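Participant: The structure that follows is given in the form of structure tokens.
Protein chains: 2
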Amino acid sequence: METPGSQSSLHRANLERVVRAVRLAGSLTQAEIARTTGLSAATVSNIVRELKDGGTVEVTPTSAGGRRARSVSLSGDAGIVIGVDFGHTHLRVAVGNLAHQVLAEESEPLDVDASSTQGFDRAEQLVSRLIEATGVDRAKIAGVGLGVPGPIDVETGTLGSTAILPGWTGTRPAEELHGRLGVPVHVDNDANLGALGELVWGSGRGVRDLAYIKVASGVGAGLVINGQIYRGPGGTAGEIGHITLDESGPVCRCGNRGCLETFTAARYVLPLLQSSHGTDLTMEGVVRLARDGDPGCRRVIADVGRHIGSGVANLCNLLNPSRVVLGGDLAEAGELVLGPIRESVGRYAIPSAARRLTVLPGALGGRAEVLGALALALSEMGDSTLLDGTLPTAAPAFT
Amino acid sequence: METPGSQSSLHRANLERVVRAVRLAGSLTQAEIARTTGLSAATVSNIVRELKDGGTVEVTPTSAGGRRARSVSLSGDAGIVIGVDFGHTHLRVAVGNLAHQVLAEESEPLDVDASSTQGFDRAEQLVSRLIEATGVDRAKIAGVGLGVPGPIDVETGTLGSTAILPGWTGTRPAEELHGRLGVPVHVDNDANLGALGELVWGSGRGVRDLAYIKVASGVGAGLVINGQIYRGPGGTAGEIGHITLDESGPVCRCGNRGCLETFTAARYVLPLLQSSHGTDLTMEGVVRLARDGDPGCRRVIADVGRHIGSGVANLCNLLNPSRVVLGGDLAEAGELVLGPIRESVGRYAIPSAARRLTVLPGALGGRAEVLGALALALSEMGDSTLLDGTLPTAAPAFT
DNA sequence: CGTCTATGTCCAACTAGTGAACTCTAAGCT
DNA sequence: AGCTTAGAGTTCACTAGTTGGACATAGACG
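Residue numbers (this note's numbering), protein chains in the order written: chain Y, 1 to 399; chain H, 1001 to 1399.
See the structure below:
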């Protein structure tokens, strides 16, 4: 640890290399590890033995019908990670292992008006339940990823004002959960985690740059640049909901006028349908009705799509991501909303940028955020955590 | 080279570490190197000897009034880099060394209608002249950075259509210059290089995320994210000039309507002043008149600023950079344009993002691009090039 | 002028990776 | 069945390279 530039650090780096290779591939034989990592067979042999002794890796004596290949894979109980996602109306928890496998996942409704304390209590309970259900060892928890539906101050870890969970403003979610679970907790907002989730498990596999647009009560975007969440220095990157589409448009809750959100977010869109469809409509309902053919709902959704498309076109001109993934309730509308988005992008983005852009619906639906939280825990943990035989049960730090 | 993960690669990494430390600090004693790099004194001793023998580093027997410290610094002639910038109306070349010092710099007018061949000939001549003037060894050229005022296809290195140098579309500038100079040439567009230049030498020192907005015949932005130029998968990131401000605004050359450019670029703005100020006005002239107090020009510049501010507000919401640097002719207008920009940003960006944003004029003026080209050559070279005694005189690759 | 102290160098010890030789096992051929 | 073949994994001697400690050096301080 104390030798930053030499010898043993090299060994460490090679250990990580091997672990990473195995994790990415699921399972490999030693010869394959040698080939993909570029290390010599002898070195791989030593490293695998060391990892096996440390318990981070499992060697299944002979797997395929081949000659004598021993396939190496991450041992399932080497460590587990947990994803927790506080959403608009529900709480969702997932348990996964270091091999990127999701072992269990569950969600339950969350009372919007519940205090933050109640919320965290509930989260703790649900986590405990899932851990028991999967039968894993509590001490093996390597880290927790936590998603919250609002802006997080990166430096202090304090939750900014959120219209979605009003009573939670000013709390420090990571600290709260860390106090209850005793392991490192890493927070981020739901849009960023959704982006990460889709990148790792969903519609963004294999892509390095991705924008995840989440339309729900508000509109937010999570940006992944070069394989990493991009938060911006202030942590507020991705606020696509408040780019200005029409300087003299409706007044937005942010104080400006004509923000994208005023044309697309549920709270602004649903009233349009009140007189014709009644007052107790939800976005989900509108989407369902539209799919069933209701012309009014279809029109509203298409209009929303067009406006999102304008925003995406701006995003595309500025950032030129290779993929845009649409998440949130609205994604359920499929082509009804994607069509207009693509059309709008084609119209407003410069052609060379638009040509390379793919707009896809999220593949994970409401699970994107929890899975992203899982991915966050995995990535923040760094592979090096795997390498100490002892996984941290007390947290050295939390973010 | 062939050992990707081991031993000699460690040595290489340590060599680079030392070179980098020395380069950043200017000059260090061996003990200081040991402390900043974390390597042991013995290792540093060996490495310094190796570097000294290789000629990349110079050891001045005793420098300060201390005991017996030998200060180690990059030898001035260890290698030089060259920046070439083709601008709207001029060609600019700079010569620098690996210690980030600019040894010589010169610009000359360039005929817009000249063929690309003529342009590259002129560039070659100017480079030769500067090399002779500084008296450095041609064989020491480690790389060339090249700026072109138009979109470059990252894969093929082909220059896309540019309204600024019409005859150059479809040429491969890097290849052209590589053919003439025989060293690796790395191209990028002028906005990206301006961003890099300001980041390394100008108003962006010490910042990791920066947007450089260049207003000239068009409007472009160069983005630096996490200390690196961000080009986007298609290489067209930063096209701030074509985000839509007004869906029913003037038709833009890109085919859309109401692009930022139609409110801010010279070709759209100058006509506004034709009836009052004559037809042979340039953007530079407008700026000068505005500074002298001409109310019409002041008004025009303030309006341009407001529109740029709207674009920057969008940029700020999406990307949340910590700094925006304004370059190009317009930057000369100082507060006359920055005031309205800041005002517009304050109005249209979400407050939490706007609060962290600093909008500054470029510190390098027209030199930003050449210096950025220099920085590009330095960064693309990678420190490892320093480590072979022989700097490449024939190029293994060019980008 | 002697002592002190930080610098740089040398040397022996140690760590860790590598190539080559070797063993093992199953598949394929005769 | 028996032989050959070939890829997988292991062992071993070797080598590259870093480190801690001993040692020499030379200005600073008293």
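For each residue, glycine too, the CB sits at the ideal point set by N, CA and C. Being a predicted model, the structure only gives us computed values, none of them experimental.
Please check if any C-beta of chain Y sits within less than 9 angstroms of the C-beta of Cys987/H.
Facilitator: Absent from the structure is residue 987/H, since the part of chain H shown begins at 1001 and ends at 1399.
Participant: With DSSP as the reference, please indicate the residues paired to Arg1257/H in a beta bridge.
Facilitator: Val1251/H, per the DSSP bridge assignment.
Participant: Using the beta-carbon count (16 or more within 10 Å), is Ser203/Y buried or exposed?
Facilitator: Buried is the call here.
Participant: Does the Cβ-Cβ distance between Asp1246/H and Gly1258/H come in under 9 angstroms?
Facilitator: Cβ distance < 9 angstroms, so Asp1246/H and Gly1258/H count as in contact.
Participant: Spatial neighbours of Leu39/Y within its chain, please: C-beta separation below 8 angstroms, excluding the five flanking residues on both sides.
Facilitator: Counting only Cβ-Cβ distances below 8 angstroms, and skipping sequence neighbours, we find Asn14, Arg17, Val18, Ile33, Ile47.
Participant: Can you tell me where the beta strand (DSSP E) with Gly1119/H in it begins and where it stops?
Facilitator: It is not in any beta strand (DSSP E) - Gly1119/H instead sits in the alpha helix (DSSP H) that spans 1116-1134.
Participant: Using a Cβ cut-off of 9 angstroms (strictly closer), state whether Pro1166/H contacts chain Y.
Facilitator: Cβ-Cβ to chain Y under 9 angstroms: no for Pro1166/H.
Participant: What does Tyr348/Y touch in chain H if you count any residue whose Cβ is under 7 angstroms from its own?
Facilitator: Per Cβ cutoff of 7 angstroms: Thr1244, Asn1256.
Participant: Beta-carbon within less than 8 angstroms of Val1081/H's beta-carbon, same chain only, minus the 5 sequence neighbours each way: which residues are those?
Facilitator: So the qualifying residues of the chain are Val1095, Gly1096, Asn1097, Leu1098, Ile1141, Ala1142, Gly1143, Val1144, Gly1145, Leu1374, Ala1377, Leu1378, Met1381.
Participant: Using a beta-carbon distance below 9 angstroms, is Thr1156/H in contact with chain Y?
Facilitator: False, the Cβ-Cβ gap to chain Y never drops below 9 angstroms.
Participant: Check the Cβ-Cβ distances between Leu315/Y and every residue of chain H, and say whether any is below 9 angstroms.
Facilitator: Judged by the 9 angstroms Cβ criterion, Leu315/Y is in contact with chain H.
Participant: Can you tell me whether Gly1147/H is helix, strand or coil according to DSSP?
Facilitator: It is a strand residue.
Participant: Suppose the cutoff is 7 angstroms on Cβ atoms and the five residues either side in sequence are ignored; what does the same chain contact list for His1427/H look like?
Facilitator: Not covered by the structure: residue 1427/H. The range shown for chain H is 1001 to 1399.
Participant: Show which residues of chain H have a CB atom less than 8 angstroms away from the CB atom of Ile240/Y.
Facilitator: Within 8 angstroms Cβ-Cβ: Asn1317, Leu1318.
Participant: Is there contact between the segment 1205-1220 of chain H and the segment 184-200 of chain Y, where contact requires at least three CB pairs shorter than 8 angstroms?
Facilitator: Counting Cβ pairs under 8 angstroms, fewer than three are found: no touch.
Participant: Do you know how far the Cα of Ile1240/H is from the Cα of Leu289/Y?
Facilitator: Distance between the alpha carbons of Leu289/Y and Ile1240/H is about 38 angstroms.
Participant: On the three-state DSSP scale, how would you describe Asp1190/H?
Facilitator: Three-state result, Asp1190/H: helix.
Participant: Note down the Cα distance separating Val1325/H from Ser248/Y, rounded to an integer number of angstroms.
Facilitator: Between Val1325/H and Ser248/Y, the C-alpha separation is close to 28 angstroms.
Participant: Considering only the beta carbon of each residue, do Val345/Y and Val304/Y sit closer than 9 angstroms?
Facilitator: It is not a contact, given that the beta carbons lie outside the stated cut-off.
Participant: Would you please verify whether the beta carbon of Gly293/Y is less than 9 angstroms from any beta carbon of chain H?
Facilitator: It does not; no Cβ of chain H falls within 9 angstroms.
Participant: Between the Cα of Ala78/Y and the Cα atoms of Phe120/Y, Val136/Y, Glu124/Y, which residue gives the shortest distance?
Facilitator: Residue Val136/Y is the option with its Cα nearest to Ala78/Y.
Participant: Do the segment 1360-1375 of chain H and the segment 1194-1201 of chain H make contact, defined as three or more Cβ pairs closer than 8 angstroms?
Facilitator: With the cut-off at 8 angstroms, the segment 1360-1375 of chain H and the segment 1194-1201 of chain H touch.
Participant: Tell me the DSSP secondary structure of Thr158/Y in three-state form.
Facilitator: Of the three classes helix, strand and coil, the one that applies to Thr158/Y here is coil, per DSSP.
Participant: For Leu196/Y and chain H, any beta-carbon pair shorter than 9 angstroms?
Facilitator: Not an interface residue.
Participant: Does Val1019/H get closer than 9 angstroms to chain Y when you measure Cβ to Cβ?
Facilitator: So no, Val1019/H is outside the interface.
Participant: For the candidate residues Pro1184/H, Ile1164/H, Val1059/H, Gly1296/H, whose alpha-carbon lies nearest to that of Gly1083/H?
Facilitator: Ranking Pro1184/H, Ile1164/H, Val1059/H, Gly1296/H by Cα distance to Gly1083/H puts Pro1184/H first.
Participant: Starting from the beta carbon of Gly1234/H, find every residue of chain Y whose beta carbon is closer than 9 angstroms, and list them in chain order.
Facilitator: Ordered by position in chain Y, the residues that pass the 9 angstroms Cβ test against Gly1234/H are Asn320, Ser322, Ser352, Ala353, Arg355, Arg356, Leu357.
Participant: Check the Cβ of Ser310/Y against every Cβ in chain H and list those closer than 7 angstroms, keeping chain order.
Facilitator: Under the 7 angstroms cutoff, chain H gives Thr1244.
Participant: Report yes or no: do three or more beta-carbon pairs, one from the segment 1146-1166 of chain H and one from the segment 1280-1300 of chain H, lie closer than 8 angstroms?
Facilitator: Counting Cβ pairs under 8 angstroms, fewer than three are found: no touch.
Participant: Which residue from Glu105/Y, Val22/Y, Leu315/Y puts its Cα closest to that of Val72/Y?
Facilitator: Of the candidates Glu105/Y, Val22/Y, Leu315/Y, the one whose C-alpha sits nearest the C-alpha of Val72/Y is Val22/Y.
Participant: Please state the DSSP three-state secondary structure of Glu1239/H.
Facilitator: It is coil, neither helix nor strand.
Participant: Return the residue from the list Ala368/Y, Thr37/Y, Thr358/Y that minimises the CA-CA distance to Asp209/Y.
Facilitator: Closest option to Asp209/Y, Cα to Cα, is Thr358/Y.
Participant: Could you pull out every residue in the same chain whose Cβ sits closer than 8 angstroms to the Cβ of Ala353/Y, ignoring the five residues on either side in sequence?
Facilitator: Closer than 8 angstroms at the Cβ level, and outside the excluded window around Ala353/Y, lie Cys316, Asn317, Asn320.
Participant: Since Leu1223/H sits in a beta bridge, which residues does DSSP pair it with?
Facilitator: DSSP, once it has assigned bridges, lists Ala1211/H as partnering Leu1223/H.
Participant: Between Gly1222/H and the rest of its own chain, which residues show a CB-CB distance below 6 angstroms, the 5 nearest in sequence each way excluded?
Facilitator: Ala1191, Asn1192, Gly1194, Ala1195, Tyr1212, Gly1238.
Participant: From what residue to what residue does the alpha helix (DSSP H) around Val304/Y run?
Facilitator: First-last of the alpha helix (DSSP H) with Val304/Y: 295-319.
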